[in-house]
Amino acid sequence: MKFSDFVAVDAIRSYVDASTKEGVIREMATALVDAGRISQADLEGIVRAIMKREDLGSTGIGRGVAVPHTKHPSVDRLVGTVAVSQEGINFDSLDGDPVQLFFLLVSPPDRPGDHLRALENISRQLRDEAFCKQLKAAKTPVDIQHLLEKADDHGMVS
Amino acid sequence: MLESLSREVVVGLKQGLHARPADQLAREARKWHSRVELVCKGQRVDGKSILDVLTLAAEEGTRLVVEVTGPDATDAMAAIVRLFEGNFNEQGEASADAGGRPATGRDANCASSDTSRG
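Order-wise, the sequence lines are chains A and B.
Going by our numbering, the first residue of the first sequence is number 260, and it counts up by one from there.
Going by our numbering, the first residue of the second sequence is number 766, and it counts up by one from there.
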């Protein structure tokens, strides 16, 4: 699965106002609402569900990356977005480092395979330190979009 | 003495080896001195790295070979197999007949392996 298969381009953010875990999750979910990918009526439910998942264990998987996610019946296909925080946000991540790169995923409850393949793609690409560095340095959503496209074109993930 | 052990396990989780169990697995693996690797469909990854484990995209029914090499290999292997057998303590997962048992020819492989790679 490629980034372009699940990342809502209009919801990519190269800057976040939030300085907390819930804040950045809410900002990203709101970006998905603004992009028309999830409905305003589902926003609170989705933010709550993602936070509930975080309570089970942080999705800050190290290297300044977090993958907050949830299943939610309101989506019929996997939808996600990307945000970059220049300052980094405390996300209780596994290695304790602040998180700069966020990949938020909302998947239909009955499609665990798609969710796994999105995680596979994200983790495979993020093992490339140069890719992480370039994403963290991205200044605009278009920069991020281009980096994702480049990874899709040149990466090993099908 | 360096021991080298290898054992096949099956992913019994309905959601597959997703972020939370991958984290549990990597955390457990890091507790031991031994090297812990997972092998699945020609991919060999570091069991101590959550990023590596997630690249397997191991769905329910996937057979994985756990390879453990080092001075505490026996205990490390037991702890890791226990995670699979207990379905990583996931709620709502049937553990009675699904997790960690030796594979019995079930036809399932890494989700990532059935698509062409570009």
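Backbone N, C-alpha and C fix where the C-beta goes; we use that ideal spot for every residue, glycine too.
> In chain B, what lies closer than 7 Å to Ser382(A) by C-beta?
Replying inline: Ordered by position in chain B, the residues that pass the 7 Å Cβ test against Ser382(A) are Leu816, Leu819, Thr820.
>> Tell me which residues share the same chain as Asp276(A) and place their Cβ nearer than 7 Å to its Cβ, disregarding the 5 neighbours each side in the sequence.
In response: Annotation for Asp276(A): Glu286 place their beta carbon closer than 7 Å to its own, counting only its chain and skipping 5 residues before and after.
> What does a CB cutoff of less than 7 Å around Thr340(A) pick up in its chain, not counting 5 residues either side in sequence?
Replying inline: Val266, Ala267, Ala270, Ile271, Met287, Ala290, Leu291, Leu363, listed in sequence order.
> For Val775(B), is the beta carbon positioned less than 7 Å from some heavy atom of the ligand PLP?
Replying inline: Looking at this structure, you won't find the ligand PLP or any other ligand, since it has none at all.
>> So that I know if they touch, is there some Cβ in chain B lying closer than 8 Å to that of Ile403(A)?
In response: It does not; no Cβ of chain B falls within 8 Å.
> Listing by chain order, which chain B residues have their CB less than 9 Å from the CB of Pro371(A)?
Replying inline: Chain B residues near Pro371(A): Leu778, Lys779, Gln780, Gly781, His783, Glu824, Glu825.
>> Is Arg307(A) close to chain B? Criterion is C-beta to C-beta, closer than 8 Å.
In response: With a threshold of 8 Å between beta carbons, Arg307(A) makes no contact with chain B.
>> Just to confirm, is the Cβ distance from Asn854(B) to Gly777(B) under 8 Å?
In response: With respect to Gly777(B), Asn854(B) sits apart: the two C-beta atoms are not nearer than 8 Å.
> Where does Val268(A) fall in DSSP's three states?
Replying inline: Correct three-state label for Val268(A): helix.
> What does Val326(A) touch in chain B if you count any residue whose Cβ is under 9 Å from its own?
Replying inline: Think of a sphere of 9 Å around the beta carbon of Val326(A): the chain B residues whose beta carbon falls inside it are Ala784, Leu819, in chain order.
>> When you compare the CB of Leu394(A) with every CB in chain B, is at least one pair closer than 8 Å?
In response: No, no contact with chain B.
> Nearest CA to the CA of Ala342(A): which residue from Gln359(A), Phe350(A), Pro332(A)?
Replying inline: For the residues Gln359(A), Phe350(A), Pro332(A), the minimum Cα distance to Ala342(A) belongs to Gln359(A).
> For Ile815(B), which of Glu773(B), Glu793(B), Thr827(B) has the nearest alpha-carbon?
Replying inline: Distances from the alpha-carbon of Ile815(B) to those of Glu773(B), Glu793(B), Thr827(B) put Glu793(B) closest.
>> At a CB distance below 7 Å, what residues from the segment 309 to 323 of chain A approach chain C? Give them in sequence order.
In response: As a matter of chain content, chain C is missing from the structure shown, whose protein chains are A and B.
> Quick one: which chain A residues come within Cβ less than 8 Å of Asp811(B)?
Replying inline: Within chain A, no residue comes near Asp811(B); the closest Cβ sits about 10 Å away, beyond 8 Å.
> Is the shortest distance between the beta-carbon of Asp872(B) and the beta-carbons of chain A less than 8 Å?
Replying inline: Because the pLDDT of Asp872(B) is 44, which lies under 50, any placement of that residue in the model is unreliable, and the number read from its coordinates should be weighed accordingly. Chain A contact via Cβ: absent.
> Can you give the beta carbon distance from Gly812(B) to Leu782(B), rounded, assuming they're within the 8 Å contact cut?
Replying inline: Going by Cβ atoms, the distance from Gly812(B) to Leu782(B) rounds to 11 Å, so no, they are not a contact pair.
> Is it true that the segment 316 to 327 of chain A meets the segment 377 to 390 of chain A, where meeting means three or more beta-carbon pairs spaced less than 8 Å apart?
Replying inline: Counting Cβ pairs under 8 Å, three or more are found: they touch.
> Quick one: Cα of Lys395(A) to Cα of Gln808(B), how far?
Replying inline: Spanning the two alpha carbons is a distance of roughly 29 Å.
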